[in-house]
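K.L.:
For reference, each letter of the sequence shown is one residue, going 0 to 101 in numbering that gives the first Met the number 0. The structure under discussion is supplied below as structure tokens; questions concerning it will follow.
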Amino acid sequence: MTTATKNNLASAANESEFELTVTQIPDEQRICFWPQYFGSIPQWITLEPRIFAWMDRFCDEYNSGIWSFYTLGNGGSFIAPDADFDDKWHLFNGMNGNGAQM
């Protein structure tokens, strides 16, 4: 699955438009995701459980689950939890008071 998203970036000096391609990693390639994109980070193997723990800490509605892995056309990558239906999650960081809805 590949989707493209257009975003408008505006600054005081100029405006530019760019297209960013997002591609979901197939299940059979997930095993290579962490070492391929984060292998240069010391102890990269601990990143996934840490991400899950932070999500659990920030979001009362989160109770573990399946996460999808993605790559970006600009060489970046990210993971995101799979939501059921149109679930909205409310995140709150008690350490600094920031909150968001996802």
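We put the CB at the ideal spot given by N, CA and C, even for glycine. Being a predicted model, the structure only gives us computed values, none of them experimental.
Using only the alpha-carbon positions, how far apart do E16 and D26 sit?
P.N.:
32 Å
K.L.:
Among residues of its own chain, excluding the 5 on either side of F68, which ones have a beta-carbon nearer than 6 Å to its beta-carbon?
P.N.:
I24, R29, F32, I78
K.L.:
So what's P25 in DSSP terms, helix, strand or just coil?
P.N.:
Taken through DSSP and simplified to helix, strand or coil, P25 comes out as coil.
K.L.:
So what's P48 in DSSP terms, helix, strand or just coil?
P.N.:
helix
K.L.:
Pick helix, strand or coil for Q100, following the three-state DSSP scheme.
P.N.:
DSSP, read as helix, strand or coil, puts Q100 in strand.
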